[in-house]
Amino acid sequence: MRWAHVIRSFAQEFIADSGIDSSQVWTMGYSGGAEFITNELNASRRNSWRTGGGSIMVGGGGAEKRIEAPDSIKPIPMF
1 MRWAHVIRSF
11 AQEFIADSGI
21 DSSQVWTMGY
31 SGGAEFITNE
41 LNASRRNSWR
51 TGGGSIMVGG
61 GGAEKRIEAP
71 DSIKPIPMF
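Shown next, in the form of C-alpha cells:
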C-alpha cells in the first residue's frame with residue numbers, strides 16, 4: 001500500500017530529526033486508523049521506523065476473517 005510507505009518514510013525522518021528514541025514510539029488508531037496500523041504499519045517492515053513501543057487500537061482493526069498475527073508483530077504490546 002502506497003500510504004503505508006509514505007507514513008513509514010515520514011516517521012523515519014521525523015524520529016531521526018527530532019531525536020526521538022525509536023524504541024519508545026507508540027501509534028494509536030481509531031476505526032480505519034486502527035485497521036491501517038494493524039494491517040499495514042505493523043504487518044511489515046515495522047522495524048524500519050521503530051524498534052519498540054506499541055500500538056493502541058480503538059473501535060477497529062478488525063479483519064474479514066480470523067487471521068494469525070505474523071511473528072514479526074507478536075511481541076508488540078497491543079492494548
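So the sequence shown is numbered by UniProt numbering: it starts at 1 and just counts up by one. Glycine included, every Cβ here is placed at the ideal spot set by N, Cα and C.
Counted as a single uninterrupted DSSP element, the beta strand (DSSP E) harbouring Ser55 occupies residues Gly54 to Val58. In the displayed model, Gly29 falls within a strand according to three-state DSSP. It is roughly 10 Å from the alpha-carbon of Val25 to the alpha-carbon of Ala11. The shortest CA-to-CA distance from Ile15 to any of Trp49, Glu35 and Lys65 is the one to Trp49. Per the C-alpha coordinates, the member of Asn39, Gly53 and Arg8 positioned closest to Ala69 is Asn39.
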